[in-house]
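Below is one structure; the comments refer to it alone.
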Amino acid sequence: MEEKLLEINGLRTYFFTKSGVAKAVDGVSFDMTQGETLGVVGESGCGKSVMSASIIRLLASKSGKIVDGTVTFNGTDVSKLSREELRKLRGSDVAMIFQDPMTTLDPVFKVSDQMIEMLQAHRNIDRKTAAKECIQALADVGIPDPHKRFDSYPFELSGGMCQRVAIAMAILARPKLIIADEPTTALDVTMQAQILKLLKELQEKYGTSILIITHNLGVVWQICDNVMVMYAGKVVEKANVRELYSNPKHPYTWGLMDSMPSLNDTPKEPLSTIDGIPPDLRLVGKGCNFRARCRYAKQCCEDTEPEMVEVCDGHFVACHFQSRTTNLVKGEENRNDG
Amino acid sequence: MTDNQSPLLEVKNLTKCFPIGNRYSFQRKQLYALDDVSLKVYKGETVGVIGESGCGKSTLSRCLVSLHKPTSGSIYFNNKDISKCTGKEKKEISRKIQMIFQDPYSSLDPKMRISQLVMEPFTIHNFTPEGQSRVDRAIELLQSVGLDRYHLQRYPHEFSGGQRQRINIARALTLNPEVLICDEPVSALDVSIQAQVLNLLIKLQQEFNLTYLFISHDLSVIRYISDYIAVMYLGHIVEFCEASGIYTRPLHPYTQALLSSIPPSSPFEKKERLELKGDLVSHIGKVNCCPLASRCPHCTERCKNEKPKLKPVDGRHEVACFLYEQS
Chain U
1 MEEKLLEING
11 LRTYFFTKSG
21 VAKAVDGVSF
31 DMTQGETLGV
41 VGESGCGKSV
51 MSASIIRLLA
61 SKSGKIVDGT
71 VTFNGTDVSK
81 LSREELRKLR
91 GSDVAMIFQD
101 PMTTLDPVFK
111 VSDQMIEMLQ
121 AHRNIDRKTA
131 AKECIQALAD
141 VGIPDPHKRF
151 DSYPFELSGG
161 MCQRVAIAMA
171 ILARPKLIIA
181 DEPTTALDVT
191 MQAQILKLLK
201 ELQEKYGTSI
211 LIITHNLGVV
221 WQICDNVMVM
231 YAGKVVEKAN
241 VRELYSNPKH
251 PYTWGLMDSM
261 PSLNDTPKEP
271 LSTIDGIPPD
281 LRLVGKGCNF
291 RARCRYAKQC
301 CEDTEPEMVE
311 VCDGHFVACH
321 FQSRTTNLVK
331 GEENRNDG
Chain R
1 MTDNQSPLLE
11 VKNLTKCFPI
21 GNRYSFQRKQ
31 LYALDDVSLK
41 VYKGETVGVI
51 GESGCGKSTL
61 SRCLVSLHKP
71 TSGSIYFNNK
81 DISKCTGKEK
91 KEISRKIQMI
101 FQDPYSSLDP
111 KMRISQLVME
121 PFTIHNFTPE
131 GQSRVDRAIE
141 LLQSVGLDRY
151 HLQRYPHEFS
161 GGQRQRINIA
171 RALTLNPEVL
181 ICDEPVSALD
191 VSIQAQVLNL
201 LIKLQQEFNL
211 TYLFISHDLS
221 VIRYISDYIA
231 VMYLGHIVEF
241 CEASGIYTRP
251 LHPYTQALLS
261 SIPPSSPFEK
271 KERLELKGDL
281 VSHIGKVNCC
291 PLASRCPHCT
301 ERCKNEKPKL
311 KPVDGRHEVA
321 CFLYEQS
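Protein chains in written order, with the working numbering: chain U, 1 to 338; chain R, 1 to 327.
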């Protein structure tokens with residue numbers, strides 16, 4: 001058994017709002033090994049970003065609280081760390097890349113100041129050596145003319161360049177885990193392909209684990225080893241990418257995969273869709289969260305929450321009708337009785 | 001579609017410059033957002049426009065609905081030059097060409113009810129639908145986009161992104177337009193909702209015999225909805241082709257690179273990537289070389305000194321590249 005780098009157990013992050021408790025993350029458990037790339041997919045509002053922010057306790061809002069569960073990173077329980085220790089953890093062992101490259105960087109400081117500041121925060125290092133390392137990191141992420149870019153302001157760089165700077169900052173401290181929250185969503189396809197390739201190369205070079213959050217299944221197919229599908233704060237399916245692609249089990253995963261227009265589809269044939277919209281996270285109660293949009297739903301989906309079961313090696317599904325013994329086939333009528 | 005027919009919408013040598021830099025300087029630089037763009041759209045077809053951000057897709061769509069005044073060149077609608085029309089005629093044309101914007105959150109006035117939003121175009125154009133009241137027409141439109149009459153009294157904030165985009169579509173359809181310009185209508189939506197809106201757009205096209213100019217940066221969406229595809233790069237159309245042809249036989253090096261950077265459709269697929277080095281070059285000032293010259297793997301001396309023109313290679317398949325000029 002390989003060493004676990006990150007272990008999350010029953011994580012629950014709730015937002016306490018005036019109109020009720022929004023269960024943004026509701027009992028998520030998973031673990032990651034060194035050098036693994038895990039993809040988290042789901043629609044907006046399903047709790048992907050809150051989940052990733054909870055790992056390093058970056059919840060900005062006062063109303064958002066981790067109410068239950070443990071996050072163990074490299075053997076230490078993150079929830080027990082003091083503010084000072086958390087500061088040390090963030091940026092050095094766990095780095096984060098955010099969605100919008102233009103707002104990640106502070107517009108009033110030069111790239112050089114921001115990078116050096118971040119390096120000096122973690123290490124006792126003088127400006128000159130720090131600058132050298134930073135320029136090396138910029139060159140590593142494929143920025144042409146790193147000396148010149150090092151001395152420019154963020155607004156002088158394009159979106160793709162800014163994202164490269166953000167990645168360069170993330171790898172500066174050689175983190176063990178990079179959390180990339182929709183790193184390519186704001187970028188063009190050609191830039192997206194370059195950034196993904198870059199992340200993969202850096203991973204091979206330094207053995208970093210990557211937790212990548214995305215809503216684009218194509219990105220998952222391209223770089224991930226394992227994938228986790230989230231819906232309304234819960235993990236509904238978890239498997240190896242190849243296994244998930246060839247043998248998806250959860251009705252939501254089917255819907256998600258089918259609603260992506262593919263280049264091989266016949267044009268203008270109606271795309272299959274998932275009817276309805278995701279539930280209000282303040283109103284989800286007992287039962288399966290997906291039941292209102294699921295065409296296979298039965299009475300039992302209303303009454304009890306499905307548990308994660310292993311249908312075959314390493315493939316977990318949370319659906320009442322999927323287990324080692326029972327099997328629901330896509331497109332066929334649900335003959336299992338609830 | 002039919003070749004002898006004249007195009008419904010025709011763009012001829014359209015150029016749009018934006019002045020940049022100091023307002024009082026003697027030599028203000030010009031940013032060429034659109035540089036000599038020509039495009040024909042026939043009735044009932046969908047032309048998809050694809051390209052990276054900053055390539056001029058949105059400027060093109062804004063020129064078409066007269067939100068920007070073109071620097072030079074002309075736009076013909078039914079053989080009538082839009083820019084030369086004034087007054088009543090201009091209003092008539094703007095009634096026929098409607099637009100759907102990208103962001104469903106900022107394109108609806110938060111202080112207006114849905115009924116006001118959907119019926120606003122009637123007031124502006126002093127238009128009453130034949131044989132029915134304005135309210136009835138509004139209800140009918142809402143139903144055709146998958147909403148219902150009880151939504152009329154609500155405010156935009158009560159709707160999700162996908163529903164708001166439906167309201168935008170209903171709003172664009174109120175005046176019985178002939179052409180709908182869709183500027184990235186699904187890029188702000190989730191995958192499952194995106195499929196719903198795409199299906200709706202196709203249904204409406206068949207129902208109302210609409211012509212679409214569909215702008216997107218998502219290749220699979222464009223492939224799905226379009227009959228013809230125009231690939232834009234730095235204010236130029238570099239390739240124009242039938243939708244199926246562009247994927248089976250991409251000619252321009254930029255199109256080839258764009259296609260190879262689509263994420264794979266399965267984890268088993270390993271793609272050969274054709275990489276373009278470097279970033280977009282700036283389009284400030286007039287360029288006299290091929291816009292792709294600095295990034296193109298096939299770049300020759302000629303590409304650096306001369307700009308290739310969009311030339312037909314095979315039927316309606318046109319490409320602007322010297323590589324295909326000899327044959």
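Even glycine gets a Cβ: it sits at the ideal position worked out from N, Cα and C.
Chain R within 7 angstroms of residue i, Cβ atoms only
i, result
"U/Ala166", "no"
"U/Tyr245", "yes"
"U/Ala193", "yes"
"U/Pro101", "no"
"U/Lys268", "yes"
"U/Glu182", "no"
"U/Glu43", "yes"
"U/Thr326", "no"
"U/Pro251", "no"
"U/Thr104", "no"
"U/Gln222", "yes"
"U/Gly233", "no"
Contact with chain U by residue i, beta-carbon distance below 7 angstroms
i, result
"R/Glu52", "yes"
"R/Ile202", "yes"
"R/Tyr224", "yes"
"R/Gln206", "no"
"R/Ser160", "yes"
"R/Ala195", "yes"
"R/Pro104", "no"
"R/Ser58", "no"
Backbone secondary structure at residue i - three-state DSSP
i, result
"U/Lys176", "coil"
"U/Thr104", "helix"
"U/Pro279", "coil"
"U/Phe316", "strand"
"R/Val222", "In the sequence as presented, Val is not what sits at residue 222 of chain R; that position holds Ile. Helix, per DSSP."
"R/Pro312", "strand"
"R/Cys241", "strand"
"R/Gln153", "coil"
"R/Tyr247", "helix"
"R/Leu274", "coil"
"U/Val13", "It should be pointed out that residue 13 of chain U corresponds to Thr in this sequence rather than to Val. Of the three classes helix, strand and coil, the one that applies to U/Thr13 here is strand, per DSSP."
"U/Leu244", "helix"
"R/Asn199", "helix"
"R/Ile262", "coil"
"U/His215", "coil"
"U/Lys268", "coil"
"R/Ile114", "helix"
Buried or exposed by the 16-neighbour rule on C-beta atoms within 10 Å, applied to residue i
i, result
"U/Val311", "buried"
"R/Cys17", "buried"
"R/Leu201", "buried"
"U/Thr208", "buried"
"R/Pro110", "exposed"
Cβ-Cβ separation, residue j to residue i (assumed contact under 8 angstroms), whole Å
i, j, result
"U/Asp31", "U/Glu7", "4 angstroms"
"R/Ile20", "R/Ile262", "Not a contact, Cβ separation roughly 33 angstroms."
"R/Tyr212", "R/Cys182", "6 angstroms"
"U/Leu93", "U/Leu177", "In the sequence under discussion, the amino acid at residue 93 of chain U is Asp, which differs from the Leu named in the question. Contact holds; Cβ gap of about 7 angstroms."
"R/Leu189", "U/Pro261", "Their Cβ separation, rounded to whole angstroms, is 13 angstroms, which puts R/Leu189 and U/Pro261 out of contact at 8 angstroms."
"U/Thr190", "R/Glu52", "6 angstroms"
"U/Val41", "U/Val229", "5 angstroms"
"R/Glu242", "R/Tyr228", "6 angstroms"
7 angstroms Cβ cut-off: residues of chain R touching residue i
i, result
"U/Val241", "Pro267"
"U/Gly255", "Ser192"
Interface residues of chain C facing residue i [CB-CB closer than 9 angstroms]
i, result
"R/His217", "Included in the structure are the protein chains U and R, with no chain C among them."
Proximal residues of chain R, C-beta to C-beta of residue i below 9 angstroms
i, result
"U/Glu332", "Chain R residues near U/Glu332: none, gap ~21 angstroms exceeds 9 angstroms."
Where residue i meets chain R, residues with beta-carbon distance less than 8 angstroms
i, result
"U/Asn226", "Result: empty, since nearest Cβ-Cβ is about 11 angstroms, beyond 8 angstroms."
"U/Ser262", "Ser220 and Ser265"
"U/Leu271", "Ala195, Leu198, Asn199 and Tyr224"
Contact list for residue i against chain U, beta-carbon separation under 9 angstroms
i, result
"R/Ser261", "Asp188, Val189, Thr190, Met191, Gln192, Ala193 and Gln194"
"R/Ala243", "Pro267"
Chain-ordered chain U contacts of residue i [CB-CB under 8 angstroms]
i, result
"R/Arg273", "Ala193 and Lys197"
"R/Leu258", "Val189 and Thr190"
Proximal chain U residues relative to residue i, where beta-carbon distance stays under 7 angstroms
i, result
"R/Tyr247", "Leu263"
"R/Leu276", "Thr190"
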